[in-house]
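Using the working numbering, you'd call the opening residue of the sequence shown number 1 and step up by one each time. Shown next, in structure tokens, is the structure this report addresses.
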Amino acid sequence: MSMERTYIMLKPDCIKRGLIGSVITRIENKGYRIVDAKMMNLNEQILVEHYAHLKDRPFFKDIVEYMTSGPVLGMIVEGENAVKGMRILMGATKFEDAQAGTIRGDYAFSTSENIIHGSDSLENAKIEIKRFFG
Ligand code: UDP
Ligand code: MG
Numbered sequence: 001m002s003m004e005r006t007y008i009m010l011k012p013d014c015i016k017r018g019l020i021g022s023v024i025t026r027i028e029n030k031g032y033r034i035v036d037a038k039m040m041n042l043n044e045q046i047l048v049e050h051y052a053h054l055k056d057r058p059f060f061k062d063i064v065e066y067m068t069s070g071p072v073l074g075m076i077v078e079g080e081n082a083v084k085g086m087r088i089l090m091g092a093t094k095f096e097d098a099q100a101g102t103i104r105g106d107y108a109f110s111t112s113e114n115i116i117h118g119s120d121s122l123e124n125a126k127i128e129i130k131r132f133f134g
């Protein structure tokens, strides 16, 4: 076990649907601590960096459009094994594969608009925290 920090981002659909409180409650109920948080309006440049692994996919333009459609809430979340733990709490990327009881499983009805982002490794968590919090 190790104390970790991960980058979590509540996406525009989460904010528009009024689900900030519900999602943060789940994160806190699990025992994780929110050590920093800020509302942001993202630009294309930061998204091209953040989603570089998807830049050749046909839906890349749609992701940028969606992620710039309204504010996001970026957060640094801390806890024991928080990187993997948050991925489990979030549920699968594809909404139809996300199990009931996970955030995406309970709230997402689209794969592109899927409520929440979470770093997929400790290495990426460090990069993403730096990217969004400096
Ligand atoms: N995405 C999408 N269609 C796909 C795969 C991904 O629209 O087939 C979007 C979705 O919003 C996802 C984001 O791109 O959360 C990043 O994809 P990634 O594979 O990194 O999934 P995640 O780490 O968010 O589970
Ligand atoms: Mg990812």
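All C-beta atoms, glycine included, are put in the ideal place defined by N, C-alpha and C.
L47 and M1 have their C-alpha atoms spaced approximately 32 angstroms apart. In the three-state scheme derived from DSSP, where H, G and I count as helix and E and B as strand, Y32 is classed as coil. The DSSP-derived three-state label of E80 is strand. The C-alpha of I24 lies about 32 angstroms from the C-alpha of P58. Per DSSP, the beta bridge partners of R5 are E78.
With contacts defined by Cβ atoms closer than 9 angstroms, Y32 and A92 do not form a contacting pair. With contacts defined as CB atoms closer than 9 angstroms, F132 and M39 fail to qualify as a contacting pair.
The shortest C-alpha to C-alpha distance from K84 to any of H50, H117, G18 and L19 is the one to H117. The beta carbon of D106 lies closer than 7 angstroms to those of A100 in the same chain, with the five residues before and after it left out. Per DSSP, I116 is not a residue of any alpha helix (DSSP H); the beta strand (DSSP E) it occupies stretches across I116 to G118.
Here D62 is exposed: its Cβ has fewer than 16 other Cβ atoms, across all protein chains shown, within 10 Å.
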